[in-house]
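To start, the structure under review is shown below, and the notes come after it.
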Amino acid sequence: MDATQTKDIYTEEFLINMGPQHPSTHGVLSLELTLDGETIVECTPHIGYLHRSMEKIAENRTYTQFIPFTDRLDYVASMNNNLGYVMVVEKLLKLEISERAKYIRVIIAELNRIASHLIAIGTFAQDLGAFATPLFYCFREREKIVEIFDQLCGNRLTYNYMRIGGVLTDFSRDIEEKIKKFIKYMRPKVDDYDWLLTYNAIFLARSKHIGVLSKEMAVNYSITGPNLRASGVKWDLRKDEPYLAYDKFEFDVPVGKNGDAWDRYKVRIEEIRQSLRIIEQAIEALPQGDVAVKVGRIHKPSPSETYFRTENPRGELGFYIVSDDSVYPYRLKIRSPSFSNLAVLPELVRGLKVADIVCVLGSFDILMGEIDR
Amino acid sequence: MLSILDIIWVLVIGIIVLGFIAVSAMFLIWWERKVSAHIQSRYGPMRVGWHGVLQSVADAVKLLLKENIVPAGADKLVWWLAPFIVVVPSVMAFVVIPFGKNLIVKDLNVGALYLMALSSVCVIGIFMAGWGSNNKYSLIGGMRSAAQIISYEIPLILSMIIVSMQASSLSMQKIVAAQAGYWNILHPNMALAFIVYIISATAEVNRVPFDIPEAESELVAGFHTEYSGMKFAMFFIGEYTNLFIISAIAATLFFGGWQGPVLPGAVWFLIKTYGIVFVLMWVRWTFPRLRVDQLMGFAWKVLTPVSFFNLAVTGWLLLK
Amino acid sequence: MRPDEISAAIRAKFPQVKEEAGTNYIIVPKESILEVSEYIKNPPLSFDNLHCITGIDRKEKIEVIYTLYSIGEHYGVTIKINLTSEDLNIASVSAIWKSANWLEREVYDLFGVIFSGHPDLRRILNPYDWQGYPLRKDYSNPQLIAKPRL
């Protein structure tokens, strides 16, 4: 439409507050949207509603006391957060853990990755309007994992299972059986999701070519995890900077082509399959031995600083830890993946429709617990 | 002049129809909850009555007792009227729906036309609800609804016209009679018209995958965000009554209405209607939602041309 | 490249850059952060990924730490900048790495470091009207709970 046609029509952009209470902002995220009809002109995220000053708390707790707090960062993948934290402390203490503990950690981390991706897929489908059905299927599968964790450490959401120097409890034979059974159970279920969702025409229409994140942009914005891989960057810490026992297992790093919402979804689906492969190999080759090094509860590392990052379901979780001559960390910086992933949102949604912002946000799988810390 | 007997007759019919609507809406709500639950591998309501059959009654009592909250900035009159304008057309539609050979309130000779006219009244109520709530989400929902229903009206009406052409009548009973022995759905052009009809009708009653006016994940609850208590219940009843009506119309126009062997007409009619309702529920709990522009594009670029083509073909078939 | 080689390469280009004793962290004077950033962003070093920015309050100074990685080359470097508490101004690198935008806002929010040239320097985690900078060691608030007894 040219200018002469629109000259006499008076239109106005209007502001709409999406969140902090909204069904699809995945927590207490507030998006201030400027809309022209249904088209987004500007999007400003406001975060911090869930800010619990984790980093300040860390300075007032001993190294061991802070482990339960990491559960509350990314509460969908608590095991992975536990893992990231205890590994940075172990790096600080230069502590070597037993081979069996490494394998157990890998299995647990991958199980939780599956659980987390299931929630990501389910809520993404929910955001696209596939009301509740995929979500319930995903939760049905997640329940099996949660049951295993429950038996292992007595908790269903905030596990507090990893310890500095190892893990809390050893696998019983029962748990090994359950994990093996779960792998057999899960494989066909992932194929079911392909039938139900992945190639559904409406699903494709809604998520293909929406929120396209180019390779360069993804790297520049420091996007990590499945979102980065969906943009076609083959970068996975488990492969590129292997920690624990990841270098002993065979698995592929799935990458997307276009970096759109569908690719981000698809990469997660593929990652579930790869995680199952890793678990299968790890449980077969599980070495014997102790699961924890006896180190006591109070640690007093020499003054130094270190940074360590692990591949979490949502991206790379980094901890920058500084120690002084005390039993408390001098400073603990939590570099959370969702924080960086969310920063790109305003740029991606400009010019899209209201329905698409939900789709893009859902495909990024952010979690306010670790953004606000 | 109306005699006293006529007035009593009208009242009796009215009570029967309203009673049927209330019971049918409650049954559909319970059934939808059960169907969705079993699709999602869970049980759904189980506590109130056998397999939760009385759940809807309990819900209705709860909604009746709830406080009626009016938003401070609402346009009061518009806001109050909206639920009635949504419900009344769906009640009025029952006038021409043939439940059996003689089981029809009034076999208007413009029955199909009457239904087409009623289907577009509902949108006014929805838009009023969106506007009157003084809520931006509701407003977007109302706007979407207006755009959507106006777009889908055209293929809907065109597919109904095709059936009327075949039966050379707008009367619902004559349309049923014209299908004696050979249902409309068995003609290829009618089957196409049925597909167009069922898609447009789904859009017309705002059900997934066309539920953009109340798109839960985007607009919280769209046009009825601000409604509570019995006003909300009226939207609910309106929605489920409309669901029944579009399925009843589909059964009448394409599946031979109340005609069928052995069983009485009304039973056949309900079986067919609830069969179509079940399919719509199945669709709802399986598919994601379309985006607003894709939805419009689909109506104008696909359904409308297909309907016109179908109309031309049917006309040619009838004339040759 | 190994960390010491990276450090040597940067120091060869910029004589004012030092290496921290005992580690391979490089210490950049705050005036030259922009030119060093420009240089290491592009080939040959091509640190295309600014992973993390954080601050540490060392009481007499505030350190700002940039953790950088190169996705293509598989190596990383840590840059440190020392700020005295009198002058907490530093040039923003958000024009070079987009990820710096929010990360710098966070450091501003929690430590009060002013990133000049930042497009939108507001508080991010704390409310917009919050007083003080919580992660400084001298920050006090009646609601802060004392360290637990061991």
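Residue numbers (the numbering used here), protein chains in the order written: chain A, 750 to 1122; chain B, 3 to 322; chain C, 21 to 170. No residue lacks a Cβ here, since even glycine has one placed at the ideal position from N, Cα and C.
- [ ] To the nearest angstrom, report how far apart Tyr1079 of chain A and Arg810 of chain A are at their CA atoms.
- [x] If you number the first sequence from 1, residue 1079 of chain A lands on position 330. If you number the first sequence from 1, residue 810 of chain A lands on position 61. Distance between the alpha carbons of Tyr1079 of chain A and Arg810 of chain A is about 10 angstroms.
- [ ] Out of C:Thr104, C:Pro23, C:Thr74, state which residue places its alpha-carbon closest to the alpha-carbon of Pro49 of chain C.
- [x] In the third sequence, the residue the question calls residue 49 of chain C occupies position 29. Nearest neighbour of Pro49 of chain C by Cα position, chosen from C:Thr104, C:Pro23, C:Thr74, turns out to be C:Thr104.
- [ ] Under 8 angstroms by Cβ, that's how I've got Gly144 of chain B and Ile126 of chain B pegged, so tell me the actual separation to the nearest angstrom.
- [x] Position 142 of the second sequence, counted from the first residue, corresponds to residue 144 of chain B. Position 124 of the second sequence, counted from the first residue, corresponds to residue 126 of chain B. Going by Cβ atoms, the distance from Gly144 of chain B to Ile126 of chain B rounds to 10 angstroms, so no, they are not a contact pair.
Open item on the list: Please report whether the beta-carbon of Asp213 of chain B lies at a distance below 9 angstroms from any beta-carbon of chain A.
Closed with: For the purposes of this step, residue 213 of chain B is taken as residue 211 along the second sequence, with counting starting at 1. Interface residue, yes.
Task: Residues that Arg912 of chain A bridges to, as DSSP identifies them - done: One-based indexing of the first sequence puts residue 912 of chain A at position 163. Looking at the DSSP output, Arg912 of chain A shares a beta bridge with A:Gly915.
- [ ] Go through the region 950-993 of chain A residue by residue and report every complete run of the alpha helix (DSSP H) that reaches 4 residues or more, in order.
- [x] You should have 950-956, 964-969, 975-979, 986-989.
Open item on the list: To be precise: take each residue of the region 1083-1101 of chain A, compare its Cβ to all Cβ atoms of chain C, and keep it if any distance is under 7 angstroms. Which residues remain?
Closed with: If you check each beta-carbon in the region 1083-1101 of chain A against every beta-carbon of chain C, the ones closer than 7 angstroms belong to Arg1084, Phe1088, Ser1089, Ala1092.
- [ ] Run down chain C in chain order and give the residues with a C-beta less than 9 angstroms from the C-beta of Arg987 of chain A.
- [x] By 1-based counting over the first sequence, the position of residue 987 of chain A is 238. Listed along chain C, no residue sits closer than 9 angstroms to Arg987 of chain A by beta-carbon distance, the nearest being about 14 angstroms off.
Open item on the list: Counting C-beta neighbours from all protein chains within 10 Å, is the total for Asn62 of chain C 16 or more, i.e. buried, or is it exposed?
Closed with: As a working note, residue 62 of chain C is residue 42 in the third sequence. Residue burial is scored here from C-beta neighbours: Asn62 of chain C has fewer than 16 other C-beta atoms within 10 angstroms and is therefore classed as exposed.
Task: Cβ-Cβ separation, Leu130 of chain C to Leu155 of chain C (assumed contact under 8 angstroms), whole Å - done: Looking up residue 155 of chain C in the third sequence gives position 135. Looking up residue 130 of chain C in the third sequence gives position 110. About 4 angstroms separates the beta carbons of Leu155 of chain C and Leu130 of chain C, which is inside the 8 angstroms limit, making them a contact pair.
Task: Within-9 angstroms CB hit, Ser119 of chain C to chain A - done: Residue numbering aside, residue 119 of chain C sits at position 99 when the third sequence is read from its first letter. It does; some Cβ of chain A falls within 9 angstroms.
Open item on the list: 9 angstroms is my cut-off, CB to CB: does Val982 of chain A come that close to chain E?
Closed with: You won't find chain E in this structure, because its protein chains are A, B and C.
- [ ] Closer than 8 angstroms, Cβ to Cβ, to anything on chain A: give me those residues from the region 61-92 of chain B, in chain order.
- [x] Listed in sequence order: no entries.
Open item on the list: Assuming contact is defined by CB atoms lying nearer than 9 angstroms, are Gly1008 of chain A and Pro1086 of chain A in contact in what I supplied?
Closed with: Taking the first residue of the first sequence as 1, we reach residue 1008 of chain A at position 259. Taking the first residue of the first sequence as 1, we reach residue 1086 of chain A at position 337. Not in contact: Gly1008 of chain A and Pro1086 of chain A (Cβ atoms no closer than 9 angstroms).
TODO: Could you check which residue in C:Leu141, C:Tyr45, C:Ala29, C:Pro35 has the C-alpha nearest to that of Ile60 of chain C?
DONE: By one-based count along the third sequence, residue 60 of chain C stands at place 40. For Ile60 of chain C, the closest of C:Leu141, C:Tyr45, C:Ala29, C:Pro35 by C-alpha to C-alpha distance is C:Ala29.
TODO: Pull up the CB-CB distance for Met283 of chain B and Val37 of chain B, whole angstroms please, since I reckon it's below 8 angstroms.
DONE: Within the second sequence, residue 283 of chain B is the residue found at index 281, counting from 1. Within the second sequence, residue 37 of chain B is the residue found at index 35, counting from 1. Confirmed, about 5 angstroms.
TODO: At 7 angstroms on the CB atoms, spell out the chain A contacts of Trp287 of chain B, in chain order.
DONE: Along the second sequence, one-based indexing puts residue 287 of chain B at 285. By Cβ distance, chain A contributes Phe880, Thr882.
Task: Test: Tyr995 of chain A CB closer than 9 angstroms to a CB of chain C - done: For the purposes of this step, residue 995 of chain A is taken as the residue at position 246 of the first sequence. It does not; no Cβ of chain C falls within 9 angstroms.
Open item on the list: If I follow the unbroken beta strand (DSSP E) through Met767 of chain A, where does it start and stop?
Closed with: Counted from its first residue, the first sequence places residue 767 of chain A at position 18. Residue range 763-767 is occupied by the beta strand (DSSP E) that includes Met767 of chain A.
TODO: Starting from the Cα of Val12 of chain C, find the closest Cα among C:Ile116, C:Leu141, C:Leu65, C:Trp117 and give me that residue.
DONE: This structure leaves residue 12 of chain C out entirely; chain C is present only between 21 and 170.
- [ ] Return the residue from the list A:Val777, A:Asp823, A:Ala1092, A:Asn969 that minimises the CA-CA distance to Asn861 of chain A.
- [x] Counting from one through the first sequence, the residue named residue 861 of chain A turns up at place 112. The shortest CA-to-CA distance from Asn861 of chain A to any of A:Val777, A:Asp823, A:Ala1092, A:Asn969 is the one to A:Asp823.
Task: DSSP-derived helix/strand/coil call for Met750 of chain A - done: Reading the first sequence from its first residue, position 1 is the one you call residue 750 of chain A. The predicted model places Met750 of chain A with a pLDDT of 45, which falls under 50 and marks its position as unreliable; any figure quoted below should be read in that light. Looking at Met750 of chain A - three-state DSSP - the assignment turns out to be coil, as it is neither helix nor strand.
Task: DSSP three-state assignment for Val97 of chain B, whether helix, strand or coil - done: Working through the second sequence from its first residue, we reach residue 97 of chain B at position 95. Val97 of chain B: helix per DSSP, three-state reduction.
TODO: Consider the Cβ of Arg889 of chain A: report whether some Cβ of chain B lies at a distance smaller than 9 angstroms.
DONE: Within the first sequence, numbered from 1, the residue matching residue 889 of chain A stands at position 140. Interface with chain B (9 angstroms Cβ-Cβ cutoff): Arg889 of chain A is included.
Open item on the list: Do Ala253 of chain B and Thr275 of chain B count as a contact pair if the criterion is CB distance below 9 angstroms?
Closed with: For the purposes of this step, residue 275 of chain B is identified with residue 273 of the second sequence, where counting begins at 1. For the purposes of this step, residue 253 of chain B is identified with residue 251 of the second sequence, where counting begins at 1. Closer than 9 angstroms, so yes.
Open item on the list: I'd like to know if Val1071 of chain A contacts chain C, where contact means its C-beta is closer than 9 angstroms to some C-beta of that chain.
Closed with: Indexing the first sequence from 1 puts residue 1071 of chain A at position 322. Yes, contact with chain C.
Task: At least 3 beta-carbon pairs within less than 8 angstroms: the region 941-952 of chain A vs the region 987-1005 of chain A - done: With a cut-off of 8 angstroms, the region 987-1005 of chain A and the region 941-952 of chain A do not count as touching, because too few Cβ pairs lie within range.
Task: Lys843 of chain A versus A:Ser980, A:Ile932, A:His1048, A:Pro1003, residue with shortest Cα-Cα distance - done: If you number the first sequence from 1, residue 843 of chain A lands on position 94. It is A:His1048 whose Cα lies nearest to the Cα of Lys843 of chain A.
Task: Leu265 of chain B versus Ile187 of chain B: straight-line alpha-carbon distance, rounded - done: Here the question's residue 265 of chain B lines up with position 263 in the second sequence. Here the question's residue 187 of chain B lines up with position 185 in the second sequence. In a straight line, the C-alpha of Leu265 of chain B is about 21 angstroms away from that of Ile187 of chain B.
Task: Whole alpha helix (DSSP H) elements within the region 866-941 of chain A, 4-residue minimum - done: Taken in chain order, the complete alpha helix (DSSP H) segments of 4 or more residues contained in the region 866-941 of chain A are 882-902.
TODO: Go to Thr813 of chain A, then tell me how far its alpha helix (DSSP H) extends in each direction, as first and last residue.
DONE: Here the question's residue 813 of chain A lines up with position 64 in the first sequence. Here Thr813 of chain A belongs to no alpha helix (DSSP H), and DSSP marks it neither H nor E.
Open item on the list: Could you check whether the Cβ of Met750 of chain A sits closer than 9 angstroms to any Cβ belonging to chain C?
Closed with: One-based indexing of the first sequence puts residue 750 of chain A at position 1. Low confidence applies here, because Met750 of chain A scores a pLDDT of 45, under 50, leaving its location unreliable; read the following figure in that light. Contact of Met750 of chain A with chain C is not assigned, every C-beta pair being separated by 9 angstroms or more.
Open item on the list: Assuming contact is defined by CB atoms lying nearer than 9 angstroms, are Leu245 of chain B and Val207 of chain B in contact in what I supplied?
Closed with: In the second sequence, counting from the first residue as 1, residue 245 of chain B sits at position 243. In the second sequence, counting from the first residue as 1, residue 207 of chain B sits at position 205. Against a cut-off of 9 angstroms, the Cβ pair of Val207 of chain B and Leu245 of chain B comes out as a contact.
- [ ] State yes or no: is the C-beta of Ala826 of chain A within less than 9 angstroms of the C-beta of Pro1062 of chain A?
- [x] Start at 1 with the first residue of the first sequence, and residue 826 of chain A comes out as number 77. Start at 1 with the first residue of the first sequence, and residue 1062 of chain A comes out as number 313. With respect to the 9 angstroms criterion, Ala826 of chain A and Pro1062 of chain A are classified as neighbours on the basis of their beta carbons.
TODO: Note down the Cα distance separating Ala179 of chain B from Gly258 of chain B, rounded to an integer number of angstroms.
DONE: Sequence index remark: in the second sequence, residue 179 of chain B carries index 177 (1-based). Sequence index remark: in the second sequence, residue 258 of chain B carries index 256 (1-based). Spanning the two alpha carbons is a distance of roughly 8 angstroms.
Open item on the list: Less than 9 angstroms between the beta carbons of Met1112 of chain A and Ala1010 of chain A, yes or no?
Closed with: Along the first sequence, read from residue 1 onward, the residue named residue 1112 of chain A stands at position 363. Along the first sequence, read from residue 1 onward, the residue named residue 1010 of chain A stands at position 261. The amino acid occupying residue 1112 of chain A in the given sequence is Ser; Met does not appear at that position. Yes, these two residues count as a Cβ contact at 9 angstroms.
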